[in-house]
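Asker: Positions in the sequence shown are counted from 1; adding 3 to them yields our numbering.
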Amino acid sequence: MPQELARIEGIGVNLATLDQAVDVAAARAARGQGFLLFTLNLDHLVKLDEPAFRAAYARAELVSADGFPIVWLARRQGAVLDRVCGSDMVEPLMARAARDGLPVYVVGPGPDAQARALERLRADHPGLSIAGAETPMVPAAPQDDSAFVQAMAERIAASGARLVLLCLGAPKQELLAAALADRVPQAGFLCVGAALDFIAGEVSRAPAWVQRLNGEWLWRLAGDPKRLGLRYWRSAVKFADVARGRP
């Protein structure tokens, strides 16, 4: 288990770089040592006020800093780390999975985006084994639907997957991952949000230079102000509170 680098709102961040995240995830998957990998961002800090979401996060063995505000908060504690988001993780991890023969299971996003993304991943990473893929209607509180969770767990276990990509958005993907983890202890669950939407071309990601300037949030806001405006406002308020040491 990587050493904790920083603790933000009670959540330990222990992945410093993208390379480390991929190495640790692949190594654990190869050993059949399951894990939960979450990417902490400001929206998640807001959602941590929900007990079920905080409980799911408390179970995550691997947590990265997703976004400059989280990196800044961590560095203020003396941590040396990079921004590591799920969207950056998928391609190098799939390359490793293809190389090491690690079967992958995919949940979400939607049928068309999933099909296009998987077609591209297979083309880019010859030998990649997609053990299974589905786009189910996931309950809003999947942790409370034991029949749904058990049925999915049985499908994942039967597939032989060692890595499971959950592409459902927060908090649904984290709640589902935590509910599945005990039932499929040999698989690693990675919550990667819109990663496959980006790969499929469904959503346009900010150019690399915008990301380097820590402006991806502004790029996304400009592209979808109605959906993201209130979310980003709440995130900004939360960031200010955490930075000032307010509960």
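All C-beta atoms in this analysis are idealised placements derived from N, C-alpha and C, irrespective of residue type, glycine included.
Distance check for Ala-144 and Ala-150, CA to CA, integer angstroms please.
Answerer: What you label residue 150 is simply residue 147 of the sequence shown in a count that begins at 1. What you label residue 144 is simply residue 141 of the sequence shown in a count that begins at 1. Roughly 12 Å between the two C-alpha positions.
Asker: Considering only C-alpha positions, which residue in the set Arg-119, Asn-44 and Ala-55 is nearest to Ile-73?
Answerer: Indexing the sequence shown from 1 puts residue 73 at position 70. Nearest option by C-alpha distance: Asn-44.
Asker: I need the DSSP call for Ala-101, collapsed to helix, strand or coil.
Answerer: Counting from 1 along the sequence shown, the entry for residue 101 is found at position 98. Correct three-state label for Ala-101: helix.
Asker: For Ser-162, which of helix, strand or coil comes out of DSSP?
Answerer: In the sequence shown, residue 162 corresponds to position 159, counting from 1. In the structure shown, Ser-162 sits in a helix (DSSP, three-state: H, G or I).
Asker: Do the CB positions of Leu-40 and Glu-64 come within less than 9 Å of each other?
Answerer: In the sequence shown, residue 40 corresponds to position 37, counting from 1. In the sequence shown, residue 64 corresponds to position 61, counting from 1. Yes, these two residues count as a Cβ contact at 9 Å.
Asker: Indicate whether Val-87 and Ala-24 have their beta-carbon atoms separated by less than 9 Å.
Answerer: In the sequence shown, counting from the first residue as 1, residue 87 sits at position 84. In the sequence shown, counting from the first residue as 1, residue 24 sits at position 21. Result yes, Cβ atoms of Val-87 and Ala-24 sit closer than 9 Å.
Asker: With a cut-off of 8 Å, do at least 3 Cβ pairs link the stretch 183–194 to the stretch 154–168?
Answerer: yes
Asker: Let me check understanding here. Comparing Cα to Cα, which of Asp-115, Ala-126, Leu-84 and Glu-219 lies closest to Ala-101?
Answerer: Taking the sequence shown and counting its residues from 1, the one referred to as residue 101 is at position 98. Of the candidates Asp-115, Ala-126, Leu-84 and Glu-219, the one whose C-alpha sits nearest the C-alpha of Ala-101 is Ala-126.
Asker: In this structure, how does DSSP classify Ala-68 when only helix, strand and coil are distinguished?
Answerer: Position 65 of the sequence shown, counted from the first residue, corresponds to residue 68. It is a strand residue.
Asker: Would Pro-199 pass as a contact of Ala-120 if the rule is Cβ separation under 9 Å?
Answerer: In the sequence shown, residue 199 corresponds to position 196, counting from 1. In the sequence shown, residue 120 corresponds to position 117, counting from 1. One point to set straight first is that residue 199 is Leu, not Pro, in the sequence displayed. Against a cut-off of 9 Å, the Cβ pair of Ala-120 and Leu-199 comes out as a contact.
Asker: Taking the alpha-carbon positions, what's the Ser-67 to Arg-215 distance?
Answerer: Sequence index remark: in the sequence shown, residue 67 carries index 64 (1-based). Sequence index remark: in the sequence shown, residue 215 carries index 212 (1-based). If you take the alpha carbons of Ser-67 and Arg-215, they lie about 18 Å apart.
Asker: Mind pulling the alpha helix (DSSP H) runs of 4 or more residues that sit fully within the stretch 120–164?
Answerer: 149–162
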